[in-house]
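Chemist: Residue numbers (the working numbering): 437 to 894.
1) Quick check on the DSSP output: what are the complete alpha helix (DSSP H) runs of length 4 or more inside the stretch 775-843, in order along the chain?
2) Taking all protein chains shown into account, do 16 or more other C-beta atoms lie within 10 angstroms of the C-beta of residue 804, making it buried, or fewer, making it exposed?
3) If you compare alpha carbons, which of 827, 887 and 832 is closest to residue 854?
4) In terms of residue numbering, what span does the alpha helix (DSSP H) encompassing residue 519 cover?
5) Let me know if residue 514 comes out buried or exposed under the rule of 16 or more other beta-carbons within 10 Å of its beta-carbon.
6) Who does residue 564 pair with in a DSSP beta bridge?
7) If you drop the 5 nearest sequence neighbours on each side, which residues of the same chain put their C-beta closer than 6 Å to that of residue 591?
8) Helix, strand or coil: how does DSSP classify residue 742 here?
9) Look up residue 587 in the DSSP assignment and say whether it is helix, strand or coil.
10) How about the stretch 831-839 and the stretch 857-876: do they share at least three Cβ pairs that are nearer than 8 Å?
11) Count Cβ pairs between the stretch 810-824 and the stretch 781-793 that sit closer than 8 Å; are there 3 or more?
12) Just to confirm the assignment, what range does the alpha helix (DSSP H) spanning residue 467 have?
13) How should residue 651 be labelled, buried or exposed, when 16 other C-beta atoms within 10 angstroms of its C-beta is the threshold for buried?
14) Return the first residue and the last residue of the alpha helix (DSSP H) that residue 496 is part of.
15) Can you give me the C-alpha to C-alpha distance between residue 879 and residue 834, rounded to a whole angstrom?
16) Would you mind stating whether residue 512 and residue 549 have Cβ atoms separated by less than 8 Å?
17) Let me know the secondary structure DSSP gives residue 849 once reduced to three states.
18) Going by DSSP in three states, residue 751 sits in which element: helix, strand or coil?
19) Which of helix, strand or coil does DSSP assign to residue 668?
20) Taking one C-beta from the stretch 638-649 and one from the stretch 579-591 each time, how about it: are there three or more such pairs within less than 8 Å?
21) Report yes if the CB atom of residue 593 is closer than 8 Å to the CB atom of residue 635, and no otherwise.
22) Measure the C-alpha to C-alpha separation of residue 883 and residue 877 and round it to an integer number of angstroms.
23) Helix, strand or coil: which one does DSSP assign to residue 550?
24) Determine, using beta carbons only, whether residue 573 and residue 460 come nearer to each other than 8 Å.
25) May I have the straight-line CA-CA distance separating residue 761 from residue 748, to the nearest angstrom?
26) Work out the CA separation of residue 705 and residue 560 for me, nearest whole Å.
27) Please determine if the stretch 792-809 and the stretch 701-716 are in contact, where contact requires at least 3 C-beta pairs separated by less than 8 Å.
28) How big is the Cα-Cα spacing for residue 498 and residue 675?
29) For the alpha helix (DSSP H) that contains residue 508, what are its first and last residues?
30) Where do the N-terminal and C-terminal ends of the alpha helix (DSSP H) with residue 716 fall, by residue?
31) What is the residue span of the alpha helix (DSSP H) that residue 871 lies within?
32) Among all the DSSP beta bridges, which residues are the ones paired with residue 865?
33) Starting from residue 680, follow the alpha helix (DSSP H) in both directions and report where the run begins and ends.
34) Taking only three categories from DSSP, how would you classify residue 624?
35) Considering only residues of the same chain and omitting the five flanking positions on each side of residue 817, which have a CB-CB separation below 6 Å?
36) Looking at the structure shown, is residue 662 part of a helix, part of a strand, or coil, going by DSSP?
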């Protein structure tokens, strides 16, 4: 496939000193799928999928302000152990690099350290694979102390396996102890030891972060606030929906990984009840395992959530593939997307469809099983938000018990406790006593029943 020019010199970003940044080639080395590999697969579907993958890779590169000079698909019959690409394709790209003043090659795949080293030698330029590119984006976007720790940990785990591709100074030896000491440790061994020490320190700091988060969750559990977590493919519109639901001002932009650090805000439901809404980092296909592990402290908010809202960009041509990618990450976290009724799908960006297409989507949504419902919304315009909030409230209410009780109006401590630990649905003064209807969590049910002689609401 011939390289496709994307950006010209006029659009090249410049540093503060006016010097243009390096030009980049993005390569999509995708293994060909033969006709008949899957029951309904065709060559046309494969090409379309490859183009979408390449566009996502260029979007990742643009997310850190790289100038995309060329982007091309390199179809592979098989992956070569030494260079990933075949010899002919390596030579072809060598000519492109020399002819277009390329300073960086982005490979939209996971390269082994040996493959990365061999390609850098062949092309005489730096090579960045998909994992390294995503780590670079996360490194730029992390704003909080916690996010920075997580990204640094993922970076170090990645770099530790890449020391093999570094320059020959890593093979030099340091002297041993004593006047006639032995050869001592090599520089590469010293670097590995230093990285290992730093990783151990970071892991200890993240354990403290996890402990702090557990304390925060325990505090929220003492207050009758349920947790609703947003998950979804990057750029699906999670942060825009988060802002719409909570009236917050979290950064939302039409780019991959526009937001990284987790955010919690109060969510007001239609009848006045409160919940906590959590916005998490966006998922992506082939999310590096280092990041899944490093961000586990953040993603524990998803594990503890009462309801998970899976936000999908239903207007994207690869919406179904993105759904599978998100489900894969959820399974890595120990969540089964197909089990129970804890996950609600949000089909976002319906404002991009005409009336006939929206009606078709509604018909498809109506045929979904009740345990996996979906709601059509536009986070941008607000369409469908009221129905979504009502559904969230109904689902949270279904997990709580409604009780009737009567309490003496002079029992201020008891009335105060009920307001702090339950959702008061009704409260009427009658002959010096308050007749109350409250909704409580399962954990508070026995306390309310025994302390206030509460009975199930009729």
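The C-beta atom is built at its ideal place from N, Cα and C for all residues, glycine as well.
Modeler: Taking the structure as given:
1) 791-802 and 821-834
2) exposed
3) 887
4) Element bounds for residue 519: n/a, residue is neither H nor E.
5) exposed
6) 542
7) 571
8) coil
9) helix
10) yes
11) yes
12) Taken as a continuous stretch (DSSP letters only), residue 467 belongs to no alpha helix (DSSP H), as it is neither H nor E.
13) exposed
14) 479-498
15) 15 Å
16) no
17) helix
18) coil
19) strand
20) yes
21) yes
22) 10 Å
23) helix
24) no
25) 11 Å
26) 58 Å
27) no
28) 20 Å
29) Unbroken run through residue 508 is the beta strand (DSSP E), 503-509; no alpha helix (DSSP H).
30) No alpha helix (DSSP H) contains residue 716, which DSSP labels as neither H nor E.
31) Premise fails: residue 871 lies in the beta strand (DSSP E), 869-876, not in any alpha helix (DSSP H).
32) 870
33) 674-682
34) helix
35) 787
36) strand
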